[in-house]
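First comes the structure, then the notes that go with it.
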Amino acid sequence: GAVVSQHPSRVICKSGTSVKIECRSLDFQATTMFWYRQFPKKSLMLMATSNEGSKATYEQGVEKDKFLINHASLTLSTLTVTSAHPEDSSFYICSAETGVYNSPLHFGNGTRLTVT
Amino acid sequence: QKEVEQNSGPLSVPEGAIASLNCTYSDRVSQSFFWYRQYSGKSPELIMSIYSNGDKEDGRFTAQLNKASQYVSLLIRDSQPSDSATYLCAVSHTGNQFYFGTGTSLTVIP
Numbered sequence: 001g002a003v004v005s006q007h008p009s010r011v012i013c014k015s016g017t018s019v020k021i022e023c024r025s026l027d028f029q030a031t032t033m034f035w036y037r038q039f040p041k042k043s044l045m046l047m048a049t050s051n052e053g054s055k056a057t058y059e060q061g062v063e064k065d066k067f068l069i070n071h072a073s074l075t076l077s078t079l080t081v082t083s084a085h086p087e088d089s090s091f092y093i094c095s096a097e098t099g100v101y102n103s104p105l106h107f108g109n110g111t112r113l114t115v116t
Numbered sequence: 001q002k003e004v005e006q007n008s009g010p011l012s013v014p015e016g017a018i019a020s021l022n023c024t025y026s027d028r029v030s031q032s033f034f035w036y037r038q039y040s041g042k043s044p045e046l047i048m049s050i051y052s053n054g055d056k057e058d059g060r061f062t063a064q065l066n067k068a069s070q071y072v073s074l075l076i077r078d079s080q081p082s083d084s085a086t087y088l089c090a091v092s093h094t095g096n097q098f099y100f101g102t103g104t105s106l107t108v109i110p
């Protein structure tokens with residue numbers, strides 16, 4: 001149980017275009033989802049916390065107008081990287097918690113974004 | 001002070017040995033503790049959860065929690081080359097806030 005599906009797994013886009021990444025909880029309802037970014041050989045960096053039906057909470061230094069997060073249902077959150085630039089190339093990972101007390105975070109498989 | 005601290009390593013152990021990974025946390029009200037394994041280029045996967053003081057065993061993995069000393073450890077017995085990965089310690093206070101350490105890189109040498 002507690003499966004998180006993330007798509008696409010890899011995407012290559014041209015500089016200036018936008019990319020949407022989907023994160024779905026397949027067998028549970030996720031009130032809260034989290035978006036992370038990870039550069040090679042670096043640690044996870046929390047970008048934002050996404051709550052169903054409300055605006056996402058962004059970490060300091062993360063541009064909310066560049067990284068648009070929508071959590072319109074209890075099973076789907078999306079991250080859109082707008083006007084992507086090569087420096088946005090990274091590994092983006094979503095995670096979700098089941099809402100059960102003391103339950104762990106469950107991660108999607110990640111999306112490798114390359115901006116050319 | 002960071003919420004969760006781990007020695008970044010790298011930690012190298014020979015195949016068959018015990019690998020010991022340590023983690024300390026700063027907030028005494030932390031209630032839930034998790035170990036994740038992350039292979040290079042992959043996302044983290046949960047390997048252990050622990051909530052009470054003491055040891056919790058699952059196969060070759062043993063998680064140890066000492067709330068008084070605010071540390072969590074992970075022991076991997078009979079280490080295998082396939083255990084080579086980065087191990088992330090995570091701590092939760094309220095269930096919807098999770099704090100991750102920077103991870104310890106483990107290499108098991110055949």
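Chains as they are written, first to last, in the working numbering: chain A, 1 to 116; chain B, 1 to 110. Cβ coordinates follow ideal geometry from the N, Cα and C atoms, glycine included. Bear in mind the structure is a predicted one, so any value in this text is a computation, not a measurement.
Boundaries of the beta strand (DSSP E) in which residue i is found, first to last residue
| i | result |
| --- | --- |
| B/Pro14 | Leu11 to Pro14 |
| B/Lys56 | Gly54 to Asp58 |
| A/Val19 | Val19 to Ser25 |
| B/Gln38 | Ser32 to Gln38 |
| B/Ser20 | Ala19 to Tyr25 |
| A/Ser89 | Segment: none, A/Ser89 is in no beta strand (DSSP E) and carries neither H nor E. |
| B/Tyr71 | Tyr71 to Ile76 |
| A/Phe67 | Phe67 to Ser73 |
| B/Tyr87 | Ala85 to Ser92 |
| B/Thr62 | Phe61 to Asn66 |
| B/Glu45 | Glu45 to Ile50 |
| B/Ser105 | Thr104 to Ile109 |
| A/Phe28 | Unbroken run through A/Phe28: none, as it is neither H nor E. |
| B/Arg28 | Unbroken run through B/Arg28: none, as it is neither H nor E. |
| A/Val4 | Val4 to His7 |
| B/Asn115 | Given a span of 1 to 110 for chain B in the structure shown, any question on residue 115 of chain B remains unanswerable. |
| B/Glu5 | Val4 to Gln6 |
Cα-Cα separation between residue i and residue j, rounded to whole angstroms
| i | j | result |
| --- | --- | --- |
| B/Leu74 | B/Gly9 | 14 angstroms |
| B/Val4 | A/Ile12 | 34 angstroms |
| A/Thr111 | B/Arg28 | 35 angstroms |
| B/Asn96 | A/Asp65 | 24 angstroms |
| A/Ser89 | B/Gln6 | 27 angstroms |
| A/Ser18 | A/Val115 | 10 angstroms |
| B/Tyr87 | B/Phe100 | 10 angstroms |
| A/Thr31 | A/Ser25 | 10 angstroms |
| B/Tyr36 | B/Tyr25 | 16 angstroms |
| A/Trp35 | A/Cys23 | 9 angstroms |
| A/Phe39 | B/Glu57 | 32 angstroms |
| B/Ser43 | A/Gly108 | 7 angstroms |
| B/Ile76 | B/Asp83 | 8 angstroms |
| B/Ser40 | B/Leu21 | 18 angstroms |
| A/Ser50 | A/Ser77 | 7 angstroms |
| A/Ser5 | B/Ser105 | 26 angstroms |
| B/Thr102 | A/Ile93 | 16 angstroms |
| B/Pro110 | B/Gln38 | 20 angstroms |
| A/Tyr58 | A/Glu97 | 17 angstroms |
| B/Leu46 | A/His106 | 7 angstroms |
| B/Asp54 | B/Asp78 | A small fix is needed here, since residue 54 of chain B is Gly in this sequence, not Asp. Rounded to the nearest angstrom, the two C-alpha atoms are 21 angstroms apart. |
| B/Val91 | B/Lys67 | 12 angstroms |
Proximal chain B residues relative to residue i, where beta-carbon distance stays under 8 angstroms
| i | result |
| --- | --- |
| A/Thr32 | Asn96 |
| A/Gly110 | Lys42 and Ser43 |
| A/Phe28 | Those do not exist, as A/Phe28 stays about 14 angstroms from chain B at its closest Cβ, beyond 8 angstroms. |
Under 8 angstroms from the C-beta of residue i: neighbouring residues of chain A
| i | result |
| --- | --- |
| B/Thr102 | Ser43 |
Within chain B, the residues that residue i reaches when beta carbons sit closer than 9 angstroms
| i | result |
| --- | --- |
| A/Glu52 | Correct list: empty, because the minimum Cβ distance to chain B is about 12 angstroms. |
Contacts that residue i makes with chain B (C-beta to C-beta distance below 7 angstroms)
| i | result |
| --- | --- |
| A/Pro104 | Phe34, Leu46 and Ser49 |
| A/Ile93 | Ser43 |
Three or more C-beta pairs closer than 8 angstroms, one from the segment 97-106 of chain A and one from the segment 57-73 of chain A: is that the case here? The segment 97-106 of chain A is not in contact with the segment 57-73 of chain A.
Assess contact between the segment 43-50 of chain A and the segment 10-24 of chain B, defined as three or more Cβ pairs (one per stretch) separated by less than 8 angstroms. Is contact present? Result no; under three Cβ-Cβ pairs closer than 8 angstroms.
Check whether the segment 82-95 of chain A and the segment 52-63 of chain B touch, using three or more Cβ-Cβ pairs below 8 angstroms as the test. Note that the segment 82-95 of chain A does not touch the segment 52-63 of chain B; fewer than 3 beta-carbon pairs, one per stretch, sit closer than 8 angstroms.
According to a CB-to-CB cut-off of less than 7 angstroms, which residues of the segment 38-49 of chain A neighbour chain B? When CB distances to chain B are screened at a threshold of 7 angstroms, the residues of the segment 38-49 of chain A falling below it are Ser43 and Leu44, in chain order.
Cβ contact (3+ pairs, closer than 8 angstroms) linking the segment 32-42 of chain B and the segment 47-58 of chain A: Contact fails: fewer than three Cβ-Cβ distances are below 8 angstroms.
Looking at chain A, which residues of the segment 32-59 of chain B have a Cβ within less than 9 angstroms of any of its Cβ atoms? For the segment 32-59 of chain B, the set of positions with a beta-carbon nearer than 9 angstroms to some beta-carbon of chain A reads Ser32, Phe34, Tyr36, Gln38, Ser40, Gly41, Lys42, Ser43, Pro44, Glu45, Leu46, Ser49 and Tyr51 in chain order.
Going along the segment 59-72 of chain A in order, which residues come within less than 7 angstroms of chain B, judged by CB to CB distance? From the segment 59-72 of chain A, no residue has a Cβ closer than 7 angstroms to chain B.
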